[in-house]
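**Student:** If you read the sequence shown in the numbering used here, its first letter stands for residue 2, the second for the next number, and so on.
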Amino acid sequence: MRYITYLVIGTFFGIIMFKSEAASWFRIYEMFQFGSFHMYGIIGSALVLGVIGIQVIKRKNIKPLNGSEMSLQPKNKSVARYLIGGIIFGLGWALAGACPGPMYVLAGAGYISILIVIFGAVVGTFLYGLIKDRLPH
């Protein structure tokens, strides 16, 4: 039953991403050219809703679907790790024309060429898993 819940939420998320044009290469290109507020508005709205959602979870002690305790630990403060990680993420986003969420939305919408990008993302994640213990976290 839990997997059906995740499937429904993911499908809803994908429809919203596609209909809001957040998965559109043109919109992403337009954002990186500072040509439109469209994507900044979507990202900003997600940020505000995320902050509010985390505060509600913390204050109301909301439990995950499996009923266990929620574990929200503060992250280590460091400029270099977020700067380097953000640059790598942004370069990948600009080169691929999609960040991780929209990649799957585009695959679901029938854009077969995005499967090459998804393959690269999976390989990159696997390689990170292999070397993460040797990286300066």
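Even for Gly, the Cβ is constructed at its ideal location relative to N, Cα and C. Since this is a predicted model, take the numbers as computed values, not measurements.
(1) Going by alpha carbons, who is nearest to Pro101 out of Ile85, Met2, Ile113 and Gly121?
(2) Applying the 10 Å Cβ sphere with the 16-neighbour rule, what's the burial state of Gly98?
(3) Could you check the C-alpha separation between Lys61 and Gln74 for me, to the nearest Å?
(4) Pair every Cβ in the stretch 37-54 with every Cβ in the stretch 14-23, then say whether three or more of these pairs are closer than 8 Å.
(5) Per DSSP, what kind of secondary structure is Gly98 in: helix, strand or coil?
(6) At what residue ranges does the stretch 15-83 contain a whole run of the alpha helix (DSSP H), taking only runs of 4 or more?
(7) If you run the structure through DSSP and keep just helix, strand and coil, what is Pro103?
(8) Which of helix, strand or coil does DSSP assign to Ala108?
(9) Quick check on this structure: which residue in Thr12, Ile5 and His138 has the alpha carbon closest to the alpha carbon of Lys1?
(10) Excluding the 5 residues preceding and the 5 following Ala95 in the sequence, name in chain order all residues of the same chain whose CB lies nearer than 7 Å to its CB.
(11) Once the 5 residues before and after Lys64 are set aside, which same chain residues still bring their CB inside 8 Å of it?
(12) Taking only three categories from DSSP, how would you classify Leu136?
(13) Among Ala110, Arg135 and Val123, which one has its Cα closest to the Cα of Ile16?
**Tutor:** Taking the geometry as given:
(1) Gly121
(2) buried
(3) 16 Å
(4) yes
(5) coil
(6) 26-33 and 39-61
(7) helix
(8) helix
(9) This structure does not reach residue 1, given that the chain is present from 2 up to 138, and the question cannot be answered.
(10) Phe33
(11) Glu70 and Met71
(12) coil
(13) Ala110
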